[in-house]
Amino acid sequence: MADFFQTKIEFLKGIGPQKAQLINKELSIFTYADLIQHFPFRYEDRSRFYNINELNENSPAVQIKGKINHYHMAGSQGAKRLVASFSDHSGEVELVWFKGIKWVEKKLIPGVEYVVFGKPTVFGSKLNMAHPEIDRAELSTTNGAALVPVYSTTENLKRNFFDSKGIGKVVHHLLTIGLPNIQENMPAFLIEKFRLVNKAFALFHIHFPKNEEFLRQARRRLKFEELFYIQLKLLSQKQVSKTKFKGHIFNTIPSVNNFYKTHLPFELTDAQKRVIKEIYADLVSGTQMNRLLQGDVGSGKTIVSFIVMLMAYDNQAQSCLMAPTEILAEQHYQNLKKHSDKLGITIDLLTGSTKQSIRKKMMERLASGELHIVVGTHALLEDKVQFKNLGICVIDEQHRFGVAQRAKLWDKNKDHPPHILVMTATPIPRTLAMTLYGDLDISVIDELPKGRKPIKTMHKFDAHRLAVFGFIRQQIEEGRQVYIVYPLIEESEKLDYKDLMDGYESIARAFPEYQISIVHGKMKSKDKEFEMQRFKKGETKIMVSTTVIEVGVDVPNASVMVIENAEKFGLSQLHQLRGRVGRGADQSYCILMTGYKLGKEAKARIGTMVRTNNGFEIAEEDLKLRGPGDMGGTQQSGILDLKVSDLAKDQAILLAARETAMEILEKDPTFSLPQHEVIKKHIEKARKDAVIWAMIS
Ligand code: ADP
Ligand code: MG
Numbered sequence: 004m005a006d007f008f009q010t011k012i013e014f015l016k017g018i019g020p021q022k023a024q025l026i027n028k029e030l031s032i033f034t035y036a037d038l039i040q041h042f043p044f045r046y047e048d049r050s051r052f053y054n055i056n057e058l059n060e061n062s063p064a065v066q067i068k069g070k071i072n073h074y075h076m077a078g079s080q081g082a083k084r085l086v087a088s089f090s091d092h093s094g095e096v097e098l099v100w101f102k103g104i105k106w107v108e109k110k111l112i113p114g115v116e117y118v119v120f121g122k123p124t125v126f127g128s129k130l131n132m133a134h135p136e137i138d139r140a141e142l143s144t145t146n147g148a149a150l151v152p153v154y155s156t157t158e159n160l161k162r163n164f165f166d167s168k169g170i171g172k173v174v175h176h177l178l179t180i181g182l183p184n185i186q187e188n189m190p191a192f193l194i195e196k197f198r199l200v201n202k203a204f205a206l207f208h209i210h211f212p213k214n215e216e217f218l219r220q221a222r223r224r225l226k227f228e229e230l231f232y233i234q235l236k237l238l239s240q241k242q243v244s245k246t247k248f249k250g251h252i253f254n255t256i257p258s259v260n261n262f263y264k265t266h267l268p269f270e271l272t273d274a275q276k277r278v279i280k281e282i283y284a285d286l287v288s289g290t291q292m293n294r295l296l297q298g299d300v301g302s303g304k305t306i307v308s309f310i311v312m313l314m315a316y317d318n319q320a321q322s323c324l325m326a327p328t329e330i331l332a333e334q335h336y337q338n339l340k341k342h343s344d345k346l347g348i349t350i351d352l353l354t355g356s357t358k359q360s361i362r363k364k365m366m367e368r369l370a371s372g373e374l375h376i377v378v379g380t381h382a383l384l385e386d387k388v389q390f391k392n393l394g395i396c397v398i399d400e401q402h403r404f405g406v407a408q409r410a411k412l413w414d415k416n417k418d419h420p421p422h423i424l425v426m427t428a429t430p431i432p433r434t435l436a437m438t439l440y441g442d443l444d445i446s447v448i449d450e451l452p453k454g455r456k457p458i459k460t461m462h463k464f465d466a467h468r469l470a471v472f473g474f475i476r477q478q479i480e481e482g483r484q485v486y487i488v489y490p491l492i493e494e495s496e497k498l499d500y501k502d503l504m505d506g507y508e509s510i511a512r513a514f515p516e517y518q519i520s521i522v523h524g525k526m527k528s529k530d531k532e533f534e535m536q537r538f539k540k541g542e543t544k545i546m547v548s549t550t551v552i553e554v555g556v557d558v559p560n561a562s563v564m565v566i567e568n569a570e571k572f573g574l575s576q577l578h579q580l581r582g583r584v585g586r587g588a589d590q591s592y593c594i595l596m597t598g599y600k601l602g603k604e605a606k607a608r609i610g611t612m613v614r615t616n617n618g619f620e621i622a623e624e625d626l627k628l629r630g631p632g633d634m635g636g637t638q639q640s641g642i643l644d645l646k647v648s649d650l651a652k653d654q655a656i657l658l659a660a661r662e663t664a665m666e667i668l669e670k671d672p673t674f675s676l677p678q679h680e681v682i683k684k685h686i687e688k689a690r691k692d693a694v695i696w697a698m699i700s
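To convert, count from 1 in the sequence shown and add 3; that's this note's numbering.
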């Protein structure tokens with residue numbers, strides 16, 4: 004039997020092929036299953052009718068029932084409004100329309116009973132509602148639900164009668180005809196253990212909740228299910244790669260010892276030593292490593308990655324290090340080259356701008372094994388890049404790479420997949436890490452190198468710019484360097500670009516005695532690199548830039564980070580930017596510039612930055628303020644596709660779901676016990692749907 008919920012939505016009553024096409028495009032809803040998972044994002048309370056005399060301007064949007072007494076046009080030409088007096092047995096309210104007046108006017112018949120829904124306000128001393136919904140009482144349907152679902156939709160769909168109400172209608176119809184086809188996909192013993200409602204009940208009541216309690220139950224059930232299956236998938240992937248994929252064994256490490264004794268430029272922190280041990284244990288275990296290395300900005304991940312690559316070198320294996328941008332790749336290359344030259348290890352750089360002739364030779368040297376380490380960007384993923392024996396891949400700043408890209412790297416060694424070390428400076432709260440990287444083991448560098456002074460962070464208003472410039476001058480006179488960063492938001496790139504150029508000019512005017520660098524995304528990477536190098540060498544004292552310097556750039560002598568329009572940045576971005584300073588032994592400063600007018604959330608973000616330097620604390624705060632949707636760009640990479648769960652709020656459910664998934668996998672990894680049959684069926688079906696889906700799109 005074909006799966007009912009895989010039916011295309013065009014076959015649903017009230018949709019049809021044309022509308023379906025539009026819905027496919029605008030909302031990415033293709034099948035019945037997609038439609039049913041288009042959950043409301045909020046609900047309107049229609050559980051009761053309010054009495055008009057109960058209303059005041061603090062009331063939420065409410066539902067009232069009563070009659071039109073009379074109506075009239077008010078206002079002058081061009082600013083006309085339709086005003087209707089509406090009353091029930093308890094009082095009177097004015098209903099006001101500024102738009103669509105003709106259409107509304109036709110509907111209004113004095114003396115007939117109406118149901119009106121809207122947000123009361125007080126104007127002058129009169130109670131009124133602007134643009135309420137109004138329906139004849141006998142026609143008013145709320146699909147039998149007390150809480151009416153509100154769905155996200157688009158302007159275009161609204162014009163085509165697929166507004167929130169329209170969506171509600173088709174979903175209600177779908178639920179009615181589809182009810183017998185809804186299959187329970189959680190095992191009975193879990194439903195009982197966690198007192199979950201069944202699937203059909205949950206689906207119905209998340210769309211059309213009878214009351215608050217039913218809604219809560221529906222949500223809890225669907226969240227648990229969602230998080231449970233994600234965890235099951237991630238954890239079983241981990242299990243599979245642990246048991247199935249043999250790893251290179253790197254058990255002799257003479258160069259590592261040599262490096263430690265003679266070339267290490269500083270003493271490693273205890274945290275660095277610990278994570279190196281954790282990694283080494285993986286590398287001699289015989290199974291493939293998939294490990295996430297988390298460490299706040301400046302915690303010293305690069306040297307750790309180099310030592311890990313040395314372990315590969317000592318065992319006749321090659322390594323690659325992949326960075327998200329050319330600037331970063333170049334910088335890693337320069338840093339690692341300093342070390343590798345001393346040890347006689349060959350290293351090269353491969354990016355999108357590497358010339359064809361050079362590239363060709365590099366490919367040969369990689370294939371013959373002559374080249375030991377290659378540093379690069381996405382260019383490394385190309386099929387042409389083939390190694391003699393790739394042993395380790397290091398991926399820096401993971402959040403820009405997705406799971407699929409990791410898998411591509413796996414294929415670069417046909418005998419057995421290379422060990423993978425993913426490094427990220429984005430501190431990820433525990434719950435989020437579990438969900439995003441549940442298939443990876445995690446190591447954390449939770450300590451900064453000794454002698455670092457905590458960065459002092461200040462908030463200054465634009466009006467105090469002169470004082471800030473004075474401070475900058477003083478720092479430069481003491482031999483330091485300064486970053487000044489402007490936000491660049493793609494939508495209004497032109498405008499922001501102008502901001503940047505204006506800023507650059509005013510800074511050049513204020514500091515005629517110093518050379519100033521400027522770097523932004525529109526420059527050729529060669530020119531960017533040239534400016535970066537000038538700054539690095541200390542030839543320029545101030546670096547004016549957009550967020551291209553956000554990740555990884557390392558200039559220890561820079562001690563001041565000025566962030567313009569700081570209110571436009573997210574917390575994690577601010578923290579990343581701040582991490583560019585505080586790398587040397589000098590006291591460093593971060594100055595957040597804003598105007599006087601600040602929104603509530605912007606104030607909260609800036610307050611957090613001033614209060615703490617702790618990346619994890621900031622990440623938790625960020626999760627609370629923003630929700631996990633855009634944490635560290637996870638959304639673009641498509642890893643996080645949660646329909647009901649909210650990682651900021653649902654930590655308890657996540658933990659329970661993860662623990663349950665672990666217990667089941669331990670006891671019955673193939674789901675062959677009778678009580679796990681439902682799980683097996685669900686996973687098989689999900690896999691099959693995904694395959695069909697891949698064929699269609
Ligand atoms: P991140 O973790 O942000 O990538 P880096 O690896 O760029 O940090 O290191 C930041 C700076 O700290 C570099 O200049 C590096 O040489 C230095 N560093 C790393 N480890 C130590 C250490 N144990 N002691 C002193 N300095 C260190
Ligand atoms: Mg780094």
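All C-beta atoms in this analysis are idealised placements derived from N, C-alpha and C, irrespective of residue type, glycine included.
These numbers come from a predicted model, not from an experiment.
Using a Cβ distance threshold of 8 Å, isoleucine 594 and leucine 577 do not count as a contacting pair. When secondary structure is reduced to three states using DSSP, tyrosine 53 falls in the strand class. If only complete runs of 4 or more residues are kept, the region 369-418 shows the alpha helix (DSSP H) at 406-413, in order along the chain.
Within the same chain, Ala370 come within 6 Å of glutamine 389 by CB-CB distance, once the 5 residues on both sides are set aside.
Excluding the 5 residues flanking it on each side, valine 107 has same chain C-beta neighbours closer than 8 Å at Leu85, Trp100 and Ile137, in chain order.
Just so you know, the alpha carbons of proline 268 and lysine 684 end up roughly 56 Å apart. Residue pairing of valine 447 in beta bridges, as defined by DSSP: Gln297.
Of the other Cβ atoms in all chains shown, 16 or more fall within 10 Å of the Cβ of phenylalanine 674; this residue is therefore buried. Of Glu400, Thr354 and Glu373, the smallest CA-CA separation from leucine 384 is found for Thr354. The Cβ atoms of glutamine 484 and glycine 541 sit closer than 8 Å to each other. Of the other Cβ atoms in all chains shown, fewer than 16 fall within 10 Å of the Cβ of phenylalanine 44; this residue is therefore exposed.
Counting along the chain, the unbroken alpha helix (DSSP H) around histidine 176 starts and ends at 167-181. Within the model, the alpha-carbon separation for phenylalanine 253 versus phenylalanine 262 is close to 17 Å. Under the DSSP definition of a beta bridge, asparagine 254 lacks any partner. Scanning its chain for C-beta atoms nearer than 6 Å, with the 5 sequence neighbours on each side dropped, one finds around aspartate 444 the residues Arg294, in chain order. Annotated as distal: valine 278 and valine 259, with beta-carbon spacing of 8 Å or more.
With a 10 Å radius around the Cβ and a threshold of 16 neighbouring Cβ atoms, alanine 410 comes out exposed. Inter-residue distance for valine 547 and cysteine 396 is about 33 Å (C-alpha atoms, whole angstroms). Each residue's CA atom was taken as its position, placing methionine 312 and aspartate 414 some 19 Å apart.
Take the alpha-carbon of alanine 428 and the one of lysine 122: they are about 45 Å apart. Residue pairing by DSSP places valine 584 opposite no residue, since no beta bridge is assigned to it. Under the three-state reduction of DSSP output, glycine 473 falls in the helix class. A Cβ-Cβ distance of about 14 Å is found for the pair asparagine 72 and serine 93, leaving them out of contact under the 8 Å criterion. For tyrosine 283, the enclosing alpha helix (DSSP H) covers residues 273-286. The beta carbons of threonine 124 and glutamate 60 sit about 5 Å from each other, so the pair counts as a contact at 8 Å. Annotation: the region 115-166 contains the following complete segments of the beta strand (DSSP E) (minimum length 3 residues), in chain order: 116-121, 123-126, 129-133, 136-139 and 150-153.
For the options Leu324, Asp285 and Ser288, the alpha carbon positioned closest to that of lysine 304 is the one of Leu324.
Below 8 Å, enough C-beta pairs join the region 232-241 and the region 658-677 to call them touching: three or more. With a cut-off of 7 Å, the C-beta of aspartate 399 is classified as near the ligand MG, since at least one heavy atom of the ligand falls inside that distance.
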